[in-house]
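Enquirer: Just passing along the structure, written as structure tokens.
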Ligand SMILES: *Cc1c(COP(=O)(O)O)cnc(C)c1O
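Numbering (our numbering), first residue to last: 1 to 420.
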């Protein structure tokens, strides 16, 4: 399995060129991951990855994924606008939305995006806002628990997404009346899993359901959309997902389900976010405070506003101290941000090498659901994003927020502190 970690020299050089904190992304790693995925599914003629924009909604990243052949998976008007601004159009875009205002359907239809309907009640709003297309995708929620062998991989019975099996049949018959000829099926039943059986099991469920719906409705099954969910190893010793085995597993399911049927050329689509970019991003920060009370705390110039996962989910993100990784990891610390929230901690009781104010500290695997989940609590301004290009140069791809950005939505003048 490849190791995507950058050398400490790269972090040091980046921190010399840009003030911390910032997210640093590695172009080469992202491209390699996109190529490996494409290769793993090369057996399927129509295969395409639609990058889940919410994971890393930055134009430079979306464009380079586009260069690798990816489309974009959007879930809001702003994400649609962003994808369009980056040059994606027509069936380059998947609109996998739920609970959205109907005008967003009109925008998706204007762009020619593939619409992935979350609910049977969305048919009427789509009819009125942009119209029913010839090819449409439906999101399936099988309910109960999604099990693979003895393992419970998810609890769709508790998830707000998708339609029941009976609703799929009903929705397709209504849509057929509206002129739909081809359909796709989508489901997202497990999150952040490196289990090689997840996609094959999900694919089998969607292939079988699609096959049965073809028999029921006479419509053509154009594609199945396996959505996101393939995970990355956040812990240093965790195995990575074996994407080649996963691709082969989906191929086996494809052949098992469609052999002996008249169904041909069903394309496989994915909407991976985390798998594509998470390991190729790092939050680069400096230690700004050391505090020794009942515990030892290392305070950073970054906060949960730049990376929320540890605060929100207690998620593990690996942390290294640049230039000190060869030293014994014998100091137990909490690594914190500056929010007035006690959960603003990047790590709790983490063993790190002895570190001090001024040390450069790198938080790993921030390339997905990092800055994009950021927020402005305590009036904190989100940090910048830097791309480590394949040619070794750094490029600022998103500037840090300024006070003026924060004040832009308020009736207060940022520069003078005066009410407008
Ligand atoms: C979040 C999301 C994805 C991507 O999920 P990852 O876990 O990042 O792979 C894909 N499709 C939909 C509809 C999503 O909401």
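Where a beta carbon is used, it is the ideal one built from N, C-alpha and C, also for glycine.
1) If we count the other Cβ atoms within 10 Å of its Cβ and call it buried at 16 or more, is residue 238 buried or exposed?
2) Going by other Cβ atoms of all chains shown within 10 Å of its Cβ, with 16 needed for buried, is residue 116 buried or exposed?
3) For residue 1 and residue 30, I'd like the C-alpha separation in whole angstroms.
4) Taking only the alpha-carbon atoms, compute the straight-line gap between residue 244 and residue 415 and give it to the nearest angstrom.
5) State buried or exposed for residue 313, treating a residue as buried only when at least 16 other CB atoms are found within 10 Å of its CB.
6) Just the Cα atoms here: how many angstroms apart are residue 361 and residue 337?
7) Kindly identify the DSSP beta-bridge partner or partners of residue 291.
8) Considering only heavy atoms of ligand 1, does any lie closer than 7 Å to the CB of residue 338?
9) Check whether the region 10 to 22 and the region 270 to 280 are in contact - that is, three or more C-beta pairs closer than 8 Å.
10) DSSP on residue 345, reduced to helix/strand/coil?
11) Could you name each continuous alpha helix (DSSP H) segment of 4 residues or more that falls completely within the region 164 to 250, going from the start of the chain to the end?
12) Apart from the five residues just before and just after residue 236, which ones in its own chain have a Cβ nearer than 8 Å to its Cβ?
13) Can at least three beta-carbon pairs, one atom from the region 157 to 164 and one from the region 198 to 216, be found at a separation below 8 Å?
14) Would the beta-carbon of residue 119 be found less than 7 Å away from any heavy atom of ligand 1?
15) Listed in chain order, which residues are found with a beta carbon closer than 7 Å to a heavy atom of ligand 1?
16) Pull up the distance between the alpha-carbon of residue 143 and that of residue 155, whole angstroms please.
17) Thinking just about the alpha-carbon of each residue, which of 120, 88 and 85 is nearest to the one in residue 97?
18) Go ahead and label residue 269 buried or exposed: buried means 16 or more other beta carbons lie within 10 angstroms of its beta carbon, across all protein chains shown.
19) Rounded to whole angstroms, what's the CA-CA distance from residue 79 to residue 68? Just pull it up for me.
20) From residue 391 to residue 28, what does the alpha carbon distance come to, in whole angstroms?
21) Looking only at its own chain, which residues have a Cβ that is under 8 Å from the Cβ of residue 309, when we skip the five neighbours before and after it?
22) Suppose the cutoff is 6 Å on Cβ atoms and the five residues either side in sequence are ignored; what does the same chain contact list for residue 250 look like?
23) Can you pull the DSSP bridge partners for residue 52?
24) Nearest to residue 293 by CA position, among 351, 380, 355 and 333, is which residue?
25) Would you give the residue range spanned by the alpha helix (DSSP H) that residue 312 belongs to?
26) Roughly how many angstroms lie between the CA atoms of residue 50 and residue 271, to the nearest whole one?
27) Buried or exposed for residue 413, going by 16 or more other Cβ atoms inside 10 Å?
28) Apart from the five residues on each side of it in sequence, which residues of its chain come closer than 8 Å, Cβ to Cβ, to residue 407?
29) If you drop the 5 nearest sequence neighbours on each side, which residues of the same chain put their C-beta closer than 8 Å to that of residue 181?
30) Output the residue ranges of the alpha helix (DSSP H) runs that lie fully inside the region 96 to 161 and measure 4 residues or longer, sorted by chain position.
31) Specify, as a first and last residue, the run of the beta strand (DSSP E) that residue 92 falls within.
32) Taking DSSP as the reference, what is the three-state secondary structure of residue 46?
33) So, residue 339 versus residue 303, is the Cβ gap smaller than 8 Å?
34) So, with DSSP's three-state summary, where would you put residue 277?
35) Alpha carbon to alpha carbon, what distance is there between residue 213 and residue 254?
Expert: Reading it off the structure:
1) As a first step, residue 238 must be located in the chain shown, where it is residue number 238. Answer is exposed; the Cβ neighbour count stays below 16.
2) For this step, residue 116 is matched to residue 116 along the chain shown. Buried, because 16 or more other Cβ atoms sit within 10 Å of the Cβ of residue 116.
3) Indexing the chain shown from 1 puts residue 1 at position 1. Indexing the chain shown from 1 puts residue 30 at position 30. Low confidence applies here, because residue 1 scores a pLDDT of 44, under 50, leaving its location unreliable; read the following figure in that light. Cα to Cα, the separation comes out at about 15 Å.
4) Along the chain shown, read from residue 1 onward, the residue named residue 244 stands at position 244. Along the chain shown, read from residue 1 onward, the residue named residue 415 stands at position 415. Rounded to whole angstroms, residue 244 to residue 415 spans 54 Å at the Cα level.
5) Residue numbering aside, residue 313 sits at position 313 when the chain shown is read from its first letter. Exposed: under 16 other Cβ atoms inside 10 Å.
6) Taking the first residue of the chain shown as position 1, residue 361 is located at position 361. Taking the first residue of the chain shown as position 1, residue 337 is located at position 337. Distance between the alpha carbons of residue 361 and residue 337 is about 13 Å.
7) Here the question's residue 291 lines up with position 291 in the chain shown. Residue 291 pairs with 297.
8) For the purposes of this step, residue 338 is taken as residue 338 along the chain shown, with counting starting at 1. Residue 338 Cβ: outside cutoff for every heavy atom of ligand 1.
9) no
10) Translated into the one-based positions of the chain shown, residue 345 becomes position 345. It is a strand residue.
11) Runs of the alpha helix (DSSP H) lying entirely within the region 164 to 250 and spanning at least 4 residues, in chain order: 165 to 177 and 198 to 217.
12) Indexing the chain shown from 1 puts residue 236 at position 236. For residue 236, the CB contacts under 8 Å within the same chain, skipping 5 residues up- and downstream, are 318 in chain order.
13) The region 157 to 164 makes no contact with the region 198 to 216, as fewer than three CB pairs between them are under 8 Å.
14) Counting from one through the chain shown, the residue named residue 119 turns up at place 119. Because no heavy atom of ligand 1 lies under 7 Å away, the Cβ of residue 119 does not count as near it: no.
15) 52, 54, 55, 73, 75, 96, 188, 191, 192, 227, 228, 229, 230, 271, 272, 273, 274, 275, 368 and 369
16) As a position in the chain shown, residue 143 is number 143, starting the count at 1. As a position in the chain shown, residue 155 is number 155, starting the count at 1. If I take the Cα positions, the gap works out to 7 Å.
17) In the chain shown, counting from the first residue as 1, residue 97 sits at position 97. That would be 120, whose Cα lies nearest to the Cα of residue 97.
18) Against the chain shown, residue 269 aligns to sequence position 269. Its Cβ being crowded by 16 or more others within 10 Å, residue 269 is buried.
19) Position 79 of the chain shown, counting from 1, holds the residue named residue 79. Position 68 of the chain shown, counting from 1, holds the residue named residue 68. Rounded to whole angstroms, residue 79 to residue 68 spans 20 Å at the Cα level.
20) Walking along the chain shown from the start, residue 391 turns up at place 391. Walking along the chain shown from the start, residue 28 turns up at place 28. Computed Cα separation, rounded: 9 Å.
21) Numbered from 1 along the chain shown, position 309 holds the residue referred to as residue 309. Only 315, 317, 369, 370 and 373 meet the Cβ criterion.
22) Translated into the one-based positions of the chain shown, residue 250 becomes position 250. Within the same chain, residue 250 has close Cβ partners 199, 200 and 203.
23) By one-based count along the chain shown, residue 52 stands at place 52. In the DSSP output, where bridge partners are listed per residue, residue 52 has 73.
24) What you label residue 293 is simply residue 293 of the chain shown in a count that begins at 1. Checking every option, the nearest Cα to that of residue 293 belongs to 333.
25) As a first step, residue 312 is located in the chain shown; it is residue number 312 there, counting from the start. Run containing residue 312: 309 to 313, per the alpha helix (DSSP H) assignment.
26) Here residue 50 refers to the residue found at position 50 of the chain shown. Here residue 271 refers to the residue found at position 271 of the chain shown. Approximately 5 Å between the Cα atoms of the pair.
27) If you number the chain shown from 1, residue 413 lands on position 413. Exposed: under 16 other Cβ atoms inside 10 Å.
28) Residue 407 sits at position 407 when you count from the first residue of the chain shown. Only residues of its own chain outside the window of five on either side were considered, and among them 413 and 414 have a CB closer than 8 Å to the CB of residue 407, listed in chain order.
29) What you label residue 181 is simply residue 181 of the chain shown in a count that begins at 1. Taken in chain order, the residues that qualify are 134, 135, 219 and 220.
30) 103 to 111 and 123 to 128
31) In the chain shown, counting from the first residue as 1, residue 92 sits at position 92. First-last for residue 92: undefined, no H or E at that position.
32) Walking along the chain shown from the start, residue 46 turns up at place 46. In this structure, residue 46 counts as coil in the three-state DSSP scheme.
33) As a working note, residue 339 is residue 339 in the chain shown. As a working note, residue 303 is residue 303 in the chain shown. Cβ distance < 8 Å, so residue 339 and residue 303 count as in contact.
34) Stepping through the chain shown from its first residue, residue 277 is reached at position 277. In the three-state DSSP reduction, residue 277 falls in the helix class (H, G or I).
35) Within the chain shown, the letter at position 254 stands for residue 254. Within the chain shown, the letter at position 213 stands for residue 213. Approximately 16 Å between the Cα atoms of the pair.
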